[in-house]
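full-length UniProt numbering puts the sequence shown at residues 1 to 551.
Take a look at the structure set out below.
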Amino acid sequence: MLQGDQLVWWYGPIRQNTRPRSIPLAKVHFRQLFNDKPGPRTSAIVPLSSLPHYRKGTIWRSGKCISDTNLASTTRVFDVDFGKTGWSVTSRAELIKQGNAHIFSHHEYPLQYQHDLTRLLRFKLDDGKSLLIPCTEYFIRAYARNMEVCRALATLRWSDVKSVLFDDTRRDAHRWLVKPSAKMRGYDAVFLAHLLYDDYADEQIRRVNAQFISRDPSAQIFMEATPWFTGKGQLECRGRWLNDGNTFLCLNLSRSSQPDGEEIEWQTKKFDSSEGKEGGRLVLPRPVRTAEADEFLNENSHTVPDSHSEIIVVKPPPFGVIGSKRSIKKTKDVIRTDRGRLGPHPSEAGSHSSGDGSGAGKNVGKLEHAPEAELETQGFLYDIWNAFRSIMEDNPDRVTKVNWYTPPKFQNQGPPRAIRLQPTVDWEPDDKSAPSWVYLDKKTGECRGLMVLRIEVDGQNYFCFEIQPIKPEKPEYRGVLMKSHVTSMAEFEDFVQKVCSQIRYEVGRFKRMESFFPSDTKIFKHHQKDAKVFYRSRLINVFKDIGVVLQ
């Protein structure tokens with residue numbers, strides 16, 4: 001394990017893992033920090049499936065991510081052309097060879113090798129500038145969010161890839177019907193549908209697979225991952241301006257447009273034994289739980305999980321959608337079965353691995369890297385977050401922090417996430433519709449989120465609470481801005497839990513909870529009069545109402 005505080009700086013090559021082959025490995029380059037400044041170069045080899053956790057600009061200590069930094073700027077959105085004329089693939093070595101070293105010069109962002117071979121997507125911007133995105137970054141963010149898909153592309157022959165991703169690899173003649181395998185997740189419906197029905201997507205994704213399969217197992221792979229769909233769209237990045245403001249180097253890719261197209265039908269299997277006979281198939285239970293923070297660091301890259309083992313779901317940062325989302329209809333293929341017999345539970349795992357399950361008795365559990373359910377960041381909640389960030393930029397000497405909170409910690413890197421509210425139990429109010437308020441979609445069981453923000457002004461913490469609306473662009477309920485009254489993190493966590501619980505019984509009406517908050521709390525409506533940064537003026541006025549004057 002690396003010693004001291006390590007700043008994630010760059011991704012190196014990927015290589016196959018000869019033992020076992022189902023877990024490809026990636027190199028992560030760090031800079032060790034001394035007096036908060038990047039110092040000597042270090043590196044570590046990690047399983048490819050865990051690479052999304054190592055965001056460039058984050059600081060790691062003793063195997064744990066402890067902080068983000070300003071290595072990458074706040075988020076910026078770029079208009080791009082995903083078609084072949086809108087981008088090219090290059091590297092620092094190629095730019096130097098072509099006499100274009102200034103586009104991504106070593107002295108502005110030094111890498112371990114001046115002639116670095118990392119493949120870069122270079123998007124043409126309308127103003128003649130360039131957007132550079134490392135291909136590995138694009139692969140682990142903008143391809144599939146479920147790293148099981150990326151792992152399959154990096155380890156299996158093309159003839160086997162689709163059979164692992166789909167239950168049925170045939171195209172439906174009349175609709176975009178996708179029958180995913182049990183390992184696939186609904187948030188990858190658009191990617192998987194295009195892989196199955198779009199010849200262009202098939203071609204681009206097949207090229208990624210060929211880079212891994214056609215190489216010697218010991219070869220270092222500087223992969224190329226290019227856009228898998230065409231058309232105009234947008235990308236949201238955090239990074240740095242280089243080349244006198246003519247090159248933007250994307251260090252963290254956080255959101256992308258989706259391709260337009262037909263409605264996608266996502267059909268999963270549902271086994272119904274309600275009318276079946278006894279004595280059906282033996283069902284081996286596989287407990288599934290979400291990992292605690294940083295638990296993924298115990299990932300084993302030298303052995304595969306047992307075929308019957310517990311599943312630990314690890315949540316990397318979410319990858320969001322800019323603009324309109326593709327229409328997806330979820331259906332079930334109900335399969336009538338006899339009543340099965342429940343087999344033994346697997347033993348508790350001593351270590352975990354993301355490889356393909358095989359054998360038994362190793363005491364190795366299965367890891368799945370699946371992102372958090374994303375917040376509707378292009379809507380109202382993101383506007384509130386963006387407004388507070390804008391206020392901080394205009395008051396740099398006074399507003400020193402704007403963070404969002406989901407257990408167990410505060411974070412300052414957008415897009416923000418919300419705390420998902422839970423359905424009420426054994427509540428029977430006079431208004432029979434009240435228990436349903438907590439749901440954004442009752443049919444799918446998707447619940448609302450509560451966004452919790454911390455704003456530090458003149459060394460004093462303030463908290464803002466906002467409820468996720470059903471229509472993303474339109475606020476439904478009042479917000480809360482309050483001066484902190486807690487003295488410890490434990491006290492704050494307890495307070496937030498109580499807010500999350502009580503707001504369900506008040507069906508989103510903070511006004512009914514006035515006695516719950518400190519006396520100088522402001523519960524406010526959302527008036528929107530700003531042309532550029534939505535809700536900025538309203539939040540400035542709300543601060544003024546509680547005695548804080550900002551620009």
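From the three backbone atoms N, C-alpha and C, an ideal C-beta is built for every residue, glycine too.
Source: prediction; values computed, not measured.
Where does the unbroken beta strand (DSSP E) through residue i begin, and where does it stop?
{"i": "SER67", "result": "64–67"}
{"i": "THR331", "result": "328–336"}
{"i": "ASP5", "result": "5–15"}
{"i": "ARG61", "result": "59–61"}
{"i": "ALA26", "result": "25–34"}
{"i": "LYS522", "result": "522–524"}
{"i": "PHE463", "result": "460–467"}
Near residue i, which residues of its chain fall below 8 Å by C-beta distance, leaving aside the five closest residues on each side in sequence?
{"i": "LEU375", "result": "For LEU375, the predicted structure reports a pLDDT of 43, less than 50, and the residue's modelled location is therefore unreliable. The matter cannot be settled from this model."}
{"i": "residue 552", "result": "The structure shown does not extend to residue 552, since the chain is modelled only from 1 to 551, so the question has no answer here."}
{"i": "TYR109", "result": "ARG240, LEU242, LEU249"}
{"i": "GLY245", "result": "LYS129"}
{"i": "ALA218", "result": "Ala is not the amino acid found at residue 218; the sequence shown has Ser there. Here the set comprises ARG15, GLN16, THR18."}
Mapping DSSP to helix, strand and coil, what is residue i?
{"i": "TRP437", "result": "helix"}
{"i": "PHE212", "result": "helix"}
{"i": "GLU292", "result": "Caution is warranted here: a pLDDT of 43 is assigned to GLU292, below 50, making its placement in the model unreliable, and no coordinate value can be reported."}
{"i": "ARG536", "result": "helix"}
{"i": "ASP79", "result": "strand"}
{"i": "GLY479", "result": "strand"}
{"i": "ILE503", "result": "helix"}
{"i": "GLU374", "result": "Caution applies to GLU374, whose pLDDT of 45 falls short of 50 and renders its modelled position unreliable; the value that the coordinates give is listed next. GLU374: coil per DSSP, three-state reduction."}
{"i": "GLY186", "result": "helix"}
{"i": "LEU297", "result": "Reliability of the predicted coordinates at LEU297 is poor, the pLDDT of 42 falling under 50, and no value is obtained from them."}
{"i": "TYR54", "result": "coil"}
{"i": "SER353", "result": "A caution first: SER353 carries a pLDDT of 49, below 50, which makes its placement in the model unreliable, though a value can still be read off. In the structure shown, SER353 sits in a strand (DSSP, three-state: E or B)."}
{"i": "VAL496", "result": "helix"}
{"i": "SER257", "result": "strand"}
{"i": "ARG454", "result": "strand"}
{"i": "GLY320", "result": "strand"}
{"i": "THR406", "result": "strand"}
{"i": "SER49", "result": "helix"}
{"i": "ASN541", "result": "helix"}
{"i": "ARG92", "result": "helix"}
{"i": "PHE517", "result": "coil"}
{"i": "LEU550", "result": "coil"}
{"i": "ALA44", "result": "strand"}
{"i": "GLY86", "result": "helix"}
{"i": "GLU148", "result": "helix"}
{"i": "LYS529", "result": "coil"}
{"i": "GLY103", "result": "Before going further, note that residue 103 is Ile rather than Gly in the sequence given. Correct three-state label for ILE103: helix."}
{"i": "LYS71", "result": "This sequence places Leu at residue 71; Lys is not what is there. Coil."}
{"i": "LYS511", "result": "helix"}
{"i": "LYS97", "result": "helix"}
Can you list, in chain order, the residues of its chain whose CB lies under 6 Å from that of residue i, leaving out five sequence neighbours each side?
{"i": "GLY479", "result": "GLU466, PHE524"}
{"i": "ALA373", "result": "Residue confidence for ALA373 is low, a pLDDT of 44 falling below 50, so the modelled location carries little weight and cannot support an answer."}
{"i": "ILE328", "result": "ALA189, ILE264, TRP266"}
{"i": "SER88", "result": "ARG122"}
{"i": "LYS401", "result": "GLU456"}
{"i": "HIS485", "result": "PRO518"}
{"i": "LYS330", "result": "TRP266"}
Output needed for residue i: all residues of its chain with C-beta closer than 7 Å, excluding positions within five of it in sequence on either side, in chain order.
{"i": "ILE221", "result": "PRO13, ILE14, ARG15, GLN211, PHE212, ARG215"}
{"i": "SER181", "result": "VAL164, LEU165, PHE166, ASP167"}
{"i": "ASP458", "result": "ARG398"}
{"i": "LEU2", "result": "PHE30, THR42, ALA44"}
{"i": "VAL533", "result": "ASN386, ALA387, SER390"}
{"i": "TYR535", "result": "ASP383, ILE384, ALA387, HIS526, GLN528"}
{"i": "GLU514", "result": "ILE523"}
{"i": "LEU253", "result": "ILE133, GLU137, TYR138, ARG141, ALA142, LEU235, CYS237"}
For the alpha helix (DSSP H) containing residue i, list its first residue and its last residue.
{"i": "TRP176", "result": "Segment 176–178 is the beta strand (DSSP E) holding TRP176; no alpha helix (DSSP H) there."}
{"i": "ILE391", "result": "380–394"}
{"i": "LYS162", "result": "158–165"}
So, under 8 Å CB-CB, residue i and residue j are touching, yes? Tell me the CB distance rounded to an integer number of Å.
{"i": "GLY261", "j": "ARG185", "result": "Not a contact, Cβ separation roughly 20 Å."}
{"i": "VAL8", "j": "PHE30", "result": "6 Å"}
{"i": "PHE463", "j": "MET482", "result": "5 Å"}
{"i": "LEU131", "j": "PHE139", "result": "Contact flag wrong, Cβ pair sits at about 16 Å."}
{"i": "THR322", "j": "SER390", "result": "The sequence given here places Ile at residue 322; Thr does not occur at that position. Rounded, the Cβ-Cβ distance is 19 Å, inconsistent with contact."}
{"i": "VAL161", "j": "ALA152", "result": "5 Å"}
{"i": "ASP68", "j": "ASN386", "result": "Going by Cβ atoms, the distance from ASP68 to ASN386 rounds to 17 Å, so no, they are not a contact pair."}
{"i": "LEU51", "j": "ALA26", "result": "5 Å"}
With a threshold of 6 Å (Cβ to nearest heavy atom), would residue i be considered close to the ligand MN?
{"i": "PRO47", "result": "With respect to small molecules bound, the structure shown includes none, and the ligand MN cannot be examined in it."}
Is the Cβ of residue i closer than 7 Å to any Cβ of chain D?
{"i": "THR169", "result": "In the displayed structure, chain D is absent; only one protein chain is listed."}
key: Segments of 3+ residues assigned as beta strand (DSSP E) that fall wholly inside the region 105–144   = Runs of the beta strand (DSSP E) lying entirely within the region 105–144 and spanning at least 3 residues, in chain order: 120–124, 130–134.
**Asked** In chain order, which continuous runs of the beta strand (DSSP E) of length 3 or greater are located wholly inside the region 191–246?
**Response** When DSSP assignments are scanned along the region 191–246, the uninterrupted stretches of beta strand (DSSP E) that are 3 or more residues long and fall wholly within it turn out to be 232–242.
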